[in-house]
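*Asks:* In this note's numbering, the protein residues as written are 35 to 202.
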Amino acid sequence: MVEMNPKTIVINLLLLLLLQISNFSTLVFSMERLYSKPYKSEYSIRPGTVTRIVVANELWGLKKGNAGFVCAHGPKVWRKSNPGDQYVVIEFEHTGIQRYKFVHCHLRSRRGYVNFPINIHPDTSAMCHPSYTCHYIIRKDGVYYKPEKKLFPWLPFPRSKNGRQPKA
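Structure, rendered in structure tokens:
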């Protein structure tokens, strides 16, 4: 057993009694903050930063690995991509006026079609931080969004009951 000096015990008790008498706030000794800042869910991105959304075709090893896609941003132009091709779909410059952008893309291949949304906001840019380039990768199982590890699977083309009708 450890013996304490009686003088130290008396000094500690006197200090404790003094603190009780002077009505010190218990908040002084707690770990709570006196002032709290409102929490912002957005990351701060410097003005003038450009975030790029890139679509890359990785349908290697297929007989016909071509894919075509179109996005609702800018001119409606179908782009044909071969395996290994990369396209910059959107270049979004962060300004104080426009804080986010939503674009819808449609992709077709021999495997089917995929509709996928592209959302750009400060959180997206923070996920793609070092180069500010986010990748959507066309794979055999669908379109894979790399930063969120999200897969948009292929959907089969809709077929009619009667099949294709010859033009009259």
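The C-beta atom is built at its ideal place from N, Cα and C for all residues, glycine as well.
1) Helix, strand or coil: which one does DSSP assign to ASN46?
2) Whose C-beta lies closer than 7 Å to the C-beta of LYS110 among residues of the same chain, with five residues either side of it excluded?
3) In whole angstroms, what separates the C-alpha of LEU61 from that of VAL44?
4) Less than 7 Å between the C-beta atoms of VAL88 and VAL122, yes or no?
5) Taking ARG144 as the reference, which of PRO164, SER159, ARG173 has the closest Cα?
6) Taking all protein chains shown into account, do 16 or more other C-beta atoms lie within 10 angstroms of the C-beta of ILE131, making it buried, or fewer, making it exposed?
7) Report the three-state DSSP secondary structure of LEU93 (helix, strand or coil).
*Replies:* Taking the structure as given:
1) Residue numbering aside, residue 46 sits at position 12 when the sequence shown is read from its first letter. Three-state DSSP puts ASN46 in a helix.
2) For the purposes of this step, residue 110 is identified with residue 76 of the sequence shown, where counting begins at 1. In its chain, beyond the 5 residues on either side, VAL104 have a beta carbon closer than 7 Å to the beta carbon of LYS110.
3) Within the sequence shown, numbered from 1, the residue matching residue 61 stands at position 27. Within the sequence shown, numbered from 1, the residue matching residue 44 stands at position 10. At LEU61, the pLDDT of 49 sits below 50, so the modelled position is not reliable; the number obtained from the coordinates is stated separately. One C-alpha to the other measures close to 25 Å.
4) Taking the first residue of the sequence shown as position 1, residue 88 is located at position 54. Taking the first residue of the sequence shown as position 1, residue 122 is located at position 88. Inclusion of VAL88 and VAL122 in the CB contact set at 7 Å is warranted, their separation being smaller than that value.
5) Translated into positions along the sequence shown, residue 144 becomes position 110. Taking each of PRO164, SER159, ARG173 in turn and checking the Cα distance to ARG144, the smallest one comes out for ARG173.
6) In the sequence shown, counting from the first residue as 1, residue 131 sits at position 97. With fewer than 16 Cβ atoms within 10 Å of its Cβ, ILE131 is classed as exposed.
7) Taking the first residue of the sequence shown as 1, we reach residue 93 at position 59. When DSSP states are grouped into helix, strand and coil, LEU93 belongs to the coil group.
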